[in-house]
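K.L.:
I'd like to ask some things about the structure below.
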Amino acid sequence: MATNVGAGEFGSAVIEVSQRVPVLVDFWAPWCAPCGMLAPVLEKVAREYAGKMVLVKVNTDEEPELARAHGIRALPTVKLFRHGAVADEFQGVQTEPAIREILERHLERASDRLLAQALEARDHGDAATALGLLRRAHADDPQNHRVQPELARALVEADELDEAERVLRTLPPGRREGPDIRALAARLHIAREARDAPPAPALEQAIARNPDDCEARYHLAMRQGAQGDYEAAMEQLLEVMRRERGFRDDAARKGLLTAFDALGGRGPLVTRYRALMASTLH
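In the working numbering, the protein residues as written are 20 to 301.
Here it is in structure tokens:
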């Protein structure tokens, strides 16, 4: 059963408890018909996840100051608190599956412990142990969408590109559009291009012999990008655009866009090279 709380109990019933488990706070009012429709759905989910989360209710008619303090503009509004802060929220009537999906994003899972161990191993330079732990976490809990991005990142770094692509495909469509996943997909693409390229010294020699060798410049850019030297890679791609605009059906411009994605789509390098690309195009 949900607990009704007011301003006096909010700190202990929500903020403190959210340090241990997620707390769903249902802001409602007796006159609100959608609130009455949502309440039994929330109660059912709370029973299903008993011990893993807590459901509390705030009657906004009785607690208008509390509602204002939490920016409530429409009813019902449900806010999920984790570690003392709002971690998620939604408005209006939602289905059970939708509420479960929101809740699952914030539940502690056994695979999260493996993920934490993997990240610690990676931070200590033990990439092989990190990759093994991430593979195990994904195998044990393929629905934990916090694991897949880290596993895909580790696989790209280990040059296990086919497996990395398969892992990224297991993410929900909406999650794949996030900037972090777009960055991973871009790095994967660059790594694939670099895998087929000749060694960097041979490419540098080819460019020294013939500065108009756009094939060598493009391959070198992919090599540099795969090594994380995006500035050098983008410089080569710009040079290809200047020397042969239509090279490989606009491959240099497309390569720059991929590099921007790999860098998260923002930052000083991206801003600078977007401007340089635009000036080269026009």
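Every residue, glycine too, gets a C-beta built ideally from N, C-alpha and C.
#1: In the DSSP assignment, find the unbroken beta strand (DSSP E) run with V77 in it and report its ends.
#2: Exposed or buried, what is A297 when buried is set at 16 or more other beta-carbons lying within 10 Å of its beta-carbon?
#3: Let's see if you can read the secondary structure: which residues bound the alpha helix (DSSP H) around R119?
#4: Between L190 and A173, how many whole angstroms is the CB-CB distance? I'm expecting something under 8 Å.
#5: With DSSP as the reference, please indicate the residues paired to L99 in a beta bridge.
#6: Please determine, among Y237, P198, Q246 and L207, the residue with the shortest C-alpha to C-alpha distance to R285.
#7: Does the separation of the CB atoms of V36 and V77 fall below 7 Å?
#8: For the candidate residues V166, E212 and Q113, whose alpha-carbon lies nearest to that of R132?
#9: Quick one: any contact between the region 244-261 and the region 202-213, if contact means 3 or more CB pairs under 8 Å?
#10: Consult DSSP for T148 and reduce its assignment to one of helix, strand or coil.
#11: Flag this pair as yes or no: are the beta carbons of L239 and L257 separated by less than 7 Å?
#12: When you compare each of R264, E254, E263 and D269 to A294 by their alpha carbons, which one comes out closest?
#13: Give me the Cα-Cα distance between L99 and I121, rounded to the nearest whole angstrom.
#14: Under 6 Å Cβ to Cβ from T96, same chain only, skipping five residues before and after it: list those, please.
#15: Taking R267 as the reference, give the member of D232, A251 and E139 with the closest Cα.
#16: Assuming V186 contacts E115 (C-beta within less than 8 Å), just tell me the rounded distance between them.
#17: Would you give the residue range spanned by the alpha helix (DSSP H) that G244 belongs to?
#18: How many whole angstroms separate the CB atoms of E82 and A26, which I take to be in contact at a CB cut-off of 8 Å?
#19: From R201 to P161, what distance separates their C-alpha atoms?
#20: List the endpoints of the continuous alpha helix (DSSP H) containing E179.
#21: When the Cα of E123 is compared with those of Q136, L43 and R141, which residue comes out closest?
#22: Quick one: grab the DSSP three-state call for A297.
P.N.:
Let's see:
#1: The residue given as residue 77 occupies position 58 in the sequence shown. Counting along the chain, the beta strand (DSSP E) containing V77 begins and ends at V73 to N78.
#2: Start at 1 with the first residue of the sequence shown, and residue 297 comes out as number 278. Exposed, because fewer than 16 other Cβ atoms sit within 10 Å of the Cβ of A297.
#3: If you number the sequence shown from 1, residue 119 lands on position 100. Its alpha helix (DSSP H) spans residues E115 to E123.
#4: Within the sequence shown, residue 190 is the residue found at index 171, counting from 1. Within the sequence shown, residue 173 is the residue found at index 154, counting from 1. At roughly 15 Å, the Cβ-Cβ gap does not stay under 8 Å, so L190 and A173 are not in contact.
#5: Working through the sequence shown from its first residue, we reach residue 99 at position 80. Beta-bridge pairing links L99 to L43 and D107.
#6: As a working mapping, residue 285 is identified with position 266 in the sequence shown. Ranking Y237, P198, Q246 and L207 by Cα distance to R285 puts P198 first.
#7: Here the question's residue 36 lines up with position 17 in the sequence shown. Here the question's residue 77 lines up with position 58 in the sequence shown. No; because the gap between Cβ atoms is not below 7 Å, this pair is not in contact.
#8: Working through the sequence shown from its first residue, we reach residue 132 at position 113. The candidate whose alpha carbon is nearest that of R132 is V166.
#9: yes
#10: Indexing the sequence shown from 1 puts residue 148 at position 129. Note: T148 maps to helix in three-state DSSP.
#11: To locate residue 239, count along the sequence shown from 1; it is residue 220. To locate residue 257, count along the sequence shown from 1; it is residue 238. Not in contact: L239 and L257 (Cβ atoms no closer than 7 Å).
#12: Locating residue 294 in the sequence shown gives position 275, counting from the first residue. Closest option to A294, Cα to Cα, is E254.
#13: As a working mapping, residue 99 is identified with position 80 in the sequence shown. As a working mapping, residue 121 is identified with position 102 in the sequence shown. When rounded, the distance between both Cα atoms is 9 Å.
#14: Taking the sequence shown and counting its residues from 1, the one referred to as residue 96 is at position 77. Only F46 and Q110 meet the Cβ criterion.
#15: Counted from its first residue, the sequence shown places residue 267 at position 248. The residue with the shortest Cα to Cα distance from R267 is D232.
#16: Translated into positions along the sequence shown, residue 186 becomes position 167. Translated into positions along the sequence shown, residue 115 becomes position 96. For a cut-off of 8 Å, the C-beta gap from V186 to E115 is around 28 Å, too long to register as a contact.
#17: Here residue 244 corresponds to residue number 225 of the sequence shown, with the count starting at 1. Its alpha helix (DSSP H) spans residues C233 to A245.
#18: As a first step, residue 82 must be located in the sequence shown, where it is residue number 63. As a first step, residue 26 must be located in the sequence shown, where it is residue number 7. With 8 Å as the limit, E82 and A26 qualify as a contact, their Cβ atoms being about 6 Å apart.
#19: The residue given as residue 201 occupies position 182 in the sequence shown. The residue given as residue 161 occupies position 142 in the sequence shown. Their Cα atoms are separated by approximately 20 Å.
#20: Residue 179 sits at position 160 when you count from the first residue of the sequence shown. Neither: E179 is in no alpha helix (DSSP H) and is coded neither H nor E.
#21: If you number the sequence shown from 1, residue 123 lands on position 104. Distances from the CA of E123 to each of Q136, L43 and R141 were compared; the closest alpha carbon is that of L43.
#22: In the sequence shown, the residue the question calls residue 297 occupies position 278. Looking at A297 - three-state DSSP - the assignment turns out to be helix.
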